[in-house]
């Protein structure tokens, strides 16, 4: 998600859930407030895009899982414009939410200012920047899923025949660049002579534009597409070529198209934050590490209909590299530089 993204405030929907019985009892006069660990934590999220968007959908999924376990009460706002973001954060803080989650790439300074004004509230925010001890209750995270992206690239390199791969991203910022670069590194493990067409659409959610950009890359000789954005796999399906997914698993939606996907699992990140808030030990630290494969933060999706269609020696190489990543004997490079066509 970028520093400079700007979204229009299209119908911001806020979902509110009634407080649980434990919270109601604690609020009754004369009763002492119980320890955080014994009651559901009030969590709010502020999203600049719809919860259906792949990046945000993983945060939303993890929050709903914690809610279903009874660990948190969860409310959220989606389609919140950057101009409105600070106000919504303050409203949730004033309403007594103890953990606020979101993605502040376009409103870094404002978000950290809000955190300073509410020192008793924990803020877990998607951010391109590092923790700041001057704002001890603000912890940044990011989708560091370069491990899974690298593995998906190994498969892609074995599946391209033209040795020409198209890559369509949202913005050329670290969050996107590192995944594309890891994918390219994986491709070169099995097809070192592959050429890449790289394009960015300047949006986080514009499937038609992503699709048209992908069509242009197919016309340019690509027979496999890296689908960092929604819309790319649609183009691949229509033209009868393959695609590799990112963040979410869309294999069931594109059974003859999506050969592999790098999945982001936000659960380790959120669960760590919930535990720290309940223990009273939440602090400004980099939560990005909880997206690493060794911490359960990412994985390679099941091949689904492509099971058995990827060469056995390639899948053996994937398994070998995955084991090495998990045991620490191999590290996928984190390269945030903008990838270029080659």
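In mature numbering (1 follows the signal peptide of the UniProt record, and there is no 0), the protein residues as written are -37 to -1, 1 to 305. The C-beta atom is built at its ideal place from N, Cα and C for all residues, glycine as well. Predicted model, so just to flag it, every value in this text is computed and none were measured.
Per DSSP, the unbroken beta strand (DSSP E) holding residue 9 starts and ends at 4 to 9.
Per DSSP, residue 163 is not a residue of any alpha helix (DSSP H); the beta strand (DSSP E) it occupies stretches across 158 to 163. Secondary structure at residue 35: strand, using DSSP grouped into helix, strand and coil. By the neighbour-count criterion, in which 16 or more other beta carbons inside 10 Å mark a residue as buried, residue 103 falls on the buried side. In the assembly as shown, residue 198 is a buried residue. Its beta-carbon has 16 or more other beta-carbons within 10 Å. Rounded to the nearest whole angstrom, the CA to CA distance from residue 123 to residue 185 is 9 Å.
Counting other Cβ atoms within 10 Å of its Cβ, residue 265 stays below 16 and is therefore classed as exposed. In the DSSP secondary-structure assignment, residue 209 is bridged to 225. Contact between residue 95 and residue 247 is confirmed by a C-beta separation of about 6 Å, below the 8 Å threshold. The three-state reading of DSSP puts residue 103 in strand, counting E and B together. Between residue 108 and residue 149, the CB-CB gap reaches or exceeds 7 Å. Under the three-pair Cβ rule at 8 Å, the segment 167 to 176 counts as touching the segment 188 to 198. Comparing alpha carbon positions, the residue from 70, 267 and 182 closest to residue 203 is 182.
The C-beta separation of residue 262 from residue 221 comes to about 15 Å, leaving the pair out of contact by the 8 Å criterion.
Here the segment 1 to 13 makes contact with the segment 30 to 48; the two share three or more CB pairs at distances below 8 Å. Sorting 223, 69, 28 and 37 by C-alpha distance to the C-alpha of residue 47 places 69 at the top.
Per DSSP, reduced to three states, the secondary structure at residue 288 is helical. Under the three-state reduction of DSSP, residue 66 is assigned to strand.
The three-state reading of DSSP puts residue 125 in coil, since its state is none of H, G, I, E or B. Setting aside the 5 residues that flank it on each side, residue 268 is surrounded in the same chain by 218, each with a C-beta closer than 6 Å to its C-beta; the list follows chain order. According to the DSSP secondary-structure assignment, residue 189 is paired through a beta bridge with 130 and 207. Burial is judged here by how many other beta carbons sit within 10 angstroms of a residue's own beta carbon; residue 296 has fewer than 16 and is exposed.
Under the DSSP assignment, residue 88 falls in the beta strand (DSSP E) whose first and last residues are 85 to 89. Beyond the five residues adjoining it in sequence on each side, residue 277 comes within less than 7 Å, by CB distance, of 117, 118, 121 and 153 in the same chain, given in chain order. Residue 233 sits in a helix when the DSSP states are folded into three classes. The C-beta of residue 34 has 16 or more other C-beta atoms within 10 Å across all chains shown, which makes the residue buried. The three-state secondary structure of residue 262, taken from DSSP, is strand.
DSSP, reduced to helix, strand and coil, places residue 305 outside both helices and strands of the structure shown, so it counts as coil. Burial of residue 61 is indicated by the presence of at least 16 other C-beta atoms within 10 angstroms of its C-beta. About 18 Å separates the CB atoms of residue 233 and residue 111; that is not less than 8 Å, and the two are not in contact. Below 8 Å, enough C-beta pairs join the segment 286 to 301 and the segment 131 to 151 to call them touching: three or more. Residue state for residue 167 is assigned as coil, using DSSP reduced to three classes. For residue 26, the closest C-alpha among the options 18, 16, 37 and 97 is that of 37.
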